[in-house]
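Report on the structure given below.
Chains as they are written, first to last, in full-length UniProt numbering: chain A, 1 to 199; chain B, 1 to 199.
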């Protein structure tokens, strides 16, 4: 049966980005690649994990993950990922500002959803068919889905750093039991932990 | 060379205890044994880890880890651990309220230190000789030592639970780089992660 998954790269103190995300600092001030170094420096060592992150049949992400802008759309902005984003599937973007769907190369279509997280998930499930749906981020979006009990499997990629401030995963999620899936793996740059969310 | 270590059992969202710790709820409301179940249910599986937690030659702990009371001492209170505490070494307790040392069975002596974390650590180093010094907890105490750059090795025992509130490890510690030591181990009840603190 298909699952709702979420992959998050986080610091050991639970931050997935710093403060003041911007075009120049997509992961926030002082963060740079510190949470994602393993992706760039050791792609072969983490191939299965990296493949898993983009394996879903549809994705959901928050507006702030799609764009550094806020408020009304700058229609020239087509995401951080260039002409051919790595998703190769429909990506439902949560926003308060309507926008026409945006078709990219390689099968990625960004669809802008203005009626909330449940509607976005329903549309993603429909689009994914028998495949999984991935809640791609950022922290606020994943926290909303966790708080609503709508994520089945959480895959944490823990970087060896204490950031001390930023966008915190689990903020407002409340008491939730987890169950480890498999055994932890990793390298000096990251530890991969997978949990089933118990309901 | 001897190290300053700290072992902390924490939730995946970084809490080491709940709110409102008391005589009846030593780990705070709603927490019970949820962070420590591995210690009680699987002591054999974690023998090396458990031995490591009490292997130091001296310990430092916060007043709130020693006692549920606050303010002036209740001299009838001799700690949570019965007549023979598991430390078998000097334990320096940080407090604002002077108290005579308290000698227990089996080599544990609680020494009450009123002149701050650096003085307590110096006394512990002196008592430990060539052996390690362990900062035993709780969160506020470990956070103060981390913020001051005085901990060499952090050993996290991560329970598969999101607590959502409580006493948070890393609060106020600020940006700190870590380096994993060894590989993660664990069972369905806990994941053990060891980090060297990089200075």
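Virtual Cβ for every residue (Gly too), placed ideally from N, Cα, C.
Everything numeric in this text was worked out from a predicted model, so none of it was measured.
Short CB-CB distance (under 9 Å) between residue 5(A) and chain B: Here the question's residue 5(A) lines up with position 5 in the first chain. No - not a single Cβ of chain B is within 9 Å of the one on residue 5(A).
Cα-Cα separation, residue 122(B) to residue 44(A): Residue 122(B) sits at position 122 when you count from the first residue of the second chain. Residue 44(A) sits at position 44 when you count from the first residue of the first chain. Roughly 46 Å separates the two Cα atoms.
Cβ neighbour criterion (16 or more within 10 Å) applied to residue 132(A): Residue mapping note: residue 132(A) aligns to position 132 of the first chain, counting from 1. Buried is the call here.
Sequence-distant residues of its chain with Cβ nearer than 8 Å to residue 106(B) (five each side left out): By 1-based counting over the second chain, the position of residue 106(B) is 106. The answer, listed in chain order, is 84, 85 and 88.
Chain-ordered neighbours of residue 177(B) on chain A, where CB pairs are closer than 9 Å: The residue you call residue 177(B) lines up with position 177 of the second chain. Here the neighbours are 34, 160, 161 and 162.
Inter-residue spacing [alpha-carbon to alpha-carbon] between residue 170(B) and residue 77(A): In the second chain, the residue the question calls residue 170(B) occupies position 170. In the first chain, the residue the question calls residue 77(A) occupies position 77. Their backbone Cα atoms lie some 37 Å apart in a straight line.
Helix, strand or coil at residue 7(B) according to DSSP, with G and I counted as helix: To locate residue 7(B), count along the second chain from 1; it is residue 7. It is a strand residue.
Member of 73(B), 141(B) and 38(B) whose CA lies at the smallest distance from the CA of residue 9(B): Within the second chain, numbered from 1, the residue matching residue 9(B) stands at position 9. Considering only alpha carbons, the answer is 38(B).
Neighbour flag for residue 152(B) against chain A, beta carbons, 9 Å: Translated into the one-based positions of the second chain, residue 152(B) becomes position 152. No - not a single Cβ of chain A is within 9 Å of the one on residue 152(B).
Through-space distance from residue 16(A) to residue 51(B), alpha-carbon basis: On the second chain, residue 51(B) is found 51 positions in, with the first residue counted as 1. On the first chain, residue 16(A) is found 16 positions in, with the first residue counted as 1. Straight-line Cα distance between these residues: approximately 34 Å.
Cβ pair count under 8 Å reaching 3, the segment 12–26 of chain A against the segment 167–187 of chain A: yes
Cα-Cα separation between residue 42(A) and residue 33(A), rounded to whole angstroms: Counting from one through the first chain, the residue named residue 42(A) turns up at place 42. Counting from one through the first chain, the residue named residue 33(A) turns up at place 33. For residue 42(A) and residue 33(A), the distance between alpha carbons rounds to 13 Å.
Backbone CA spacing between residue 21(A) and residue 1(B) [nearest angstrom]: In the first chain, residue 21(A) corresponds to position 21, counting from 1. In the second chain, residue 1(B) corresponds to position 1, counting from 1. Cα to Cα, residue 21(A) sits roughly 42 Å from residue 1(B).
Cβ of residue 19(A) within 9 Å of any chain B Cβ: Residue mapping note: residue 19(A) aligns to position 19 of the first chain, counting from 1. It does not; no Cβ of chain B falls within 9 Å.
Residue interval of the alpha helix (DSSP H) (run including residue 52(B)): Along the second chain, one-based indexing puts residue 52(B) at 52. Here the alpha helix (DSSP H) through residue 52(B) covers 47–53.
CB contact flag (residue 151(B), residue 93(B), <9 Å): Along the second chain, one-based indexing puts residue 151(B) at 151. Along the second chain, one-based indexing puts residue 93(B) at 93. Against a cut-off of 9 Å, the Cβ pair of residue 93(B) and residue 151(B) comes out as no contact.
Pick from 96(B), 36(B) and 126(B) that is closest to residue 113(B), judged by C-alpha positions: Translated into positions along the second chain, residue 113(B) becomes position 113. Answer by Cα proximity: 96(B).
Residue 215(A) in three-state terms, based on DSSP: Because chain A here runs from 1 to 199, residue 215(A) falls outside it and cannot be looked at.
Best match in 104(A), 25(A) and 120(A) for proximity to residue 4(A) [C-alpha to C-alpha]: Taking the first residue of the first chain as position 1, residue 4(A) is located at position 4. Looking at the Cα atoms, 120(A) is the closest of the given residues.
Distance between residue 157(A) and residue 80(B) (C-alpha atoms, nearest Å): Residue numbering aside, residue 80(B) sits at position 80 when the second chain is read from its first letter. Residue numbering aside, residue 157(A) sits at position 157 when the first chain is read from its first letter. Taking the straight line from one Cα to the other gives about 36 Å.
Any chain B beta carbon closer than 9 Å to residue 27(A): Counting from 1 along the first chain, the entry for residue 27(A) is found at position 27. It does not; no Cβ of chain B falls within 9 Å.
9 Å Cβ cutoff, residue 12(A) in contact with chain B: Residue 12(A) sits at position 12 when you count from the first residue of the first chain. Yes, residue 12(A) counts as interfacial toward chain B.
Assigned exposure category for residue 63(A) - 16 Cβ within 10 Å defines buried: Taking the first chain and counting its residues from 1, one reaches residue 63(A) at position 63. Buried, because 16 or more other Cβ atoms sit within 10 Å of the Cβ of residue 63(A).
Continuous alpha helix (DSSP H) stretch holding residue 146(B): start and end: In the second chain, counting from the first residue as 1, residue 146(B) sits at position 146. First-last of the alpha helix (DSSP H) with residue 146(B): 139–147.
Residue 179(B) in three-state terms, based on DSSP: The residue you call residue 179(B) lines up with position 179 of the second chain. Note: residue 179(B) maps to strand in three-state DSSP.
Residue 159(A) versus residue 175(B) - alpha carbon distance: Translated into the one-based positions of the first chain, residue 159(A) becomes position 159. Translated into the one-based positions of the second chain, residue 175(B) becomes position 175. Between residue 159(A) and residue 175(B), the C-alpha separation is close to 13 Å.
CA-to-CA distance, residue 65(A) to residue 140(A), given in whole angstroms: Residue numbering aside, residue 140(A) sits at position 140 when the first chain is read from its first letter. Residue numbering aside, residue 65(A) sits at position 65 when the first chain is read from its first letter. Using only the alpha carbons, I get a separation of about 10 Å.
Interface flag, residue 123(A) vs chain B, CB-CB below 9 Å: Here residue 123(A) corresponds to residue number 123 of the first chain, with the count starting at 1. For residue 123(A), the answer is no, since every Cβ of chain B falls outside 9 Å of its Cβ.
Against chain A: residues of the segment 165–198 of chain B by CB proximity under 7 Å: Answer in chain order: 170, 173, 174, 175, 176, 177, 178, 179, 180, 184, 186, 188, 191, 193 and 195.
CB contact check: residue 146(A) to chain B, cutoff 9 Å: As a first step, residue 146(A) must be located in the first chain, where it is residue number 146. So yes, residue 146(A) belongs to the interface.
DSSP three-state assignment for residue 62(A), whether helix, strand or coil: On the first chain, residue 62(A) is found 62 positions in, with the first residue counted as 1. Note: residue 62(A) maps to strand in three-state DSSP.
Beta-carbon contacts of residue 12(A) that lie in its chain and below 8 Å, excluding the five residues immediately before and after: Taking the first chain and counting its residues from 1, the one referred to as residue 12(A) is at position 12. Excluding residues up to 5 positions away in sequence, 158, 159, 160, 161 and 162 lie with their Cβ nearer than 8 Å to the Cβ of residue 12(A) in the same chain.
Delimiting residues of the alpha helix (DSSP H) encompassing residue 196(A): Locating residue 196(A) in the first chain gives position 196, counting from the first residue. In the DSSP annotation of this structure, residue 196(A) is not part of any alpha helix (DSSP H); the continuous beta strand (DSSP E) holding it starts and ends at 190–197.
Alpha helix (DSSP H) segments (min. 4 residues) lying fully within the segment 63–137 of chain A: Within the segment 63–137 of chain A, the complete alpha helix (DSSP H) runs of at least 4 residues are 63–66 and 117–128.
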